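Asks: Structure provided below as structure tokens; questions to follow.
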Amino acid sequence: MAISIMRLPFILIIFSSSLFYVKATTHDDRHPRRPFNTIYAFGDSYTDTGNTRSNTGPNGFMFVSNLPYGRTFFHRPTNRYSDGRLVIDFVAQALSLPFLSPYLDQKADKSAGVNFAVAGSTAIIHSFFAKNNMTLNITPQSLRTQLNWFEQEIGANDYAYSFGSSVPTKTIQQLAINSFTGVLQRREIVALVITNCSDDRNFVWRDHPPPLGNIVPQSYSWSGQRQTG
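So the sequence shown is residues -24 to -1, 1 to 205, counted in mature numbering (1 follows the signal peptide of the UniProt record, and there is no 0).
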């Protein structure tokens, strides 16, 4: 269900592994100018540009700081979950903006925006997974954490963490939906926000969670639990 934000004075993008919503603008070609000044990004590994490389990030994902990650474009690891750029990097380039700096890099220039995304983040708060013994205990950050940072799609990791547990998929689905829509109802700005807009156009992109059987860490973890339990 799309929530109407047609009157909000900015472009709104919700970008993660599950949903991409854009409220974009058009401008008179007779007066060309850079249409957007700032991007604020929320999400998981699809969007994370370095928040896992910190003292508070998910230390179990530190392999992203080594080659072959980053080899094709940056020619070095940049803590992105790609051998090159992410979609958010192409969005920034298309808008003539610099690549977004991760929020936890306190020394970075954030004048053109901030990336709050953390790989492994969930829509449901981390305590739910811990209470139900479904967590790998490596990603305590959730969408709520990112939104608190802001004062991000997220959904595939919720299913991944619950894979093989006794909690029904429908329960996870409903909790994730309630959490995500609740955030949308309480906050005017969620996910990616690009400011300084005027006219309105809408674009929607939807991607589904990856096949759960192909998620290696979760499959390995639950397989080990069944063998030892």
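Ideal Cβ placement from N, Cα and C applies to all residues, glycine included. From a predicted model like this one, the values you see are computed outputs, not experimental measurements.
#1: Would you check if the distance between the CB atom of Gly89 and the CB atom of Ile148 is smaller than 8 angstroms?
#2: Please give the ranges of any beta strand (DSSP E) in the region 40 to 93, keeping only runs that are unbroken, at least 3 residues long and fully inside the region.
#3: What does a CB cutoff of less than 8 angstroms around Val143 pick up in its chain, not counting 5 residues either side in sequence?
#4: Near Gly26, what residues of its chain come up, given a Cβ to Cβ distance below 8 angstroms and the 5 sequence neighbours on each side ignored?
#5: Hey, out of Thr145, Gln150, Thr121, whose CA is closest to Asp20's CA?
#6: Considering Cα atoms alone, identify which of Phe75, Asp85, Leu151 is closest to Phe66.
#7: Note down, in chain order, each residue of its chain lying with its Cβ closer than 6 angstroms to the Cβ of Ser87, except the 5 sequence neighbours on either side.
#8: First and last residue of the alpha helix (DSSP H) that includes Ala95?
#9: Between the C-alpha atoms of Ser58 and Gly96, what's the straight-line distance to the nearest angstrom?
#10: What is the rounded straight-line gap between the Cα of Ala99 and the Cα of Phe18?
#11: Taking Leu73 and Tyr22 to be in contact with their CB atoms under 8 angstroms, please state how far apart those CB atoms are, rounded to whole angstroms.
#12: In angstroms, rounded to a whole number, what distance separates the CA positions of Gln150 and Ser138?
#13: How far does the beta strand (DSSP E) with Ile100 in it extend, from its first residue to its last?
Replies: According to the structure data:
#1: The Cβ-Cβ distance between Gly89 and Ile148 does not fall below 8 angstroms.
#2: DSSP runs (the beta strand (DSSP E)) wholly in the region 40 to 93: 89 to 91.
#3: Answer for Val143: Asn108, Met110, listed in chain order.
#4: Answer for Gly26: Thr54, Asn55, Arg56, Ser77, Pro78, Leu80, Asp81, Asn91, listed in chain order.
#5: With distances taken between Cα atoms, Asp20 lies closest to Thr121.
#6: Residue Phe75 is the option with its Cα nearest to Phe66.
#7: Excluding five sequence positions before and after Ser87, none of the CB atoms of its chain fall closer than 6 angstroms to its own CB.
#8: Judged by DSSP secondary structure, Ala95 falls outside any alpha helix (DSSP H); it is assigned neither H nor E.
#9: Take the alpha-carbon of Ser58 and the one of Gly96: they are about 15 angstroms apart.
#10: If you draw a straight line from the Cα of Ala99 to the Cα of Phe18, it is about 11 angstroms long.
#11: That pair is no contact at about 19 angstroms.
#12: For Gln150 and Ser138, the gap between their C-alpha atoms comes out near 13 angstroms.
#13: Taken as a continuous stretch (DSSP letters only), Ile100 belongs to no beta strand (DSSP E), as it is neither H nor E.
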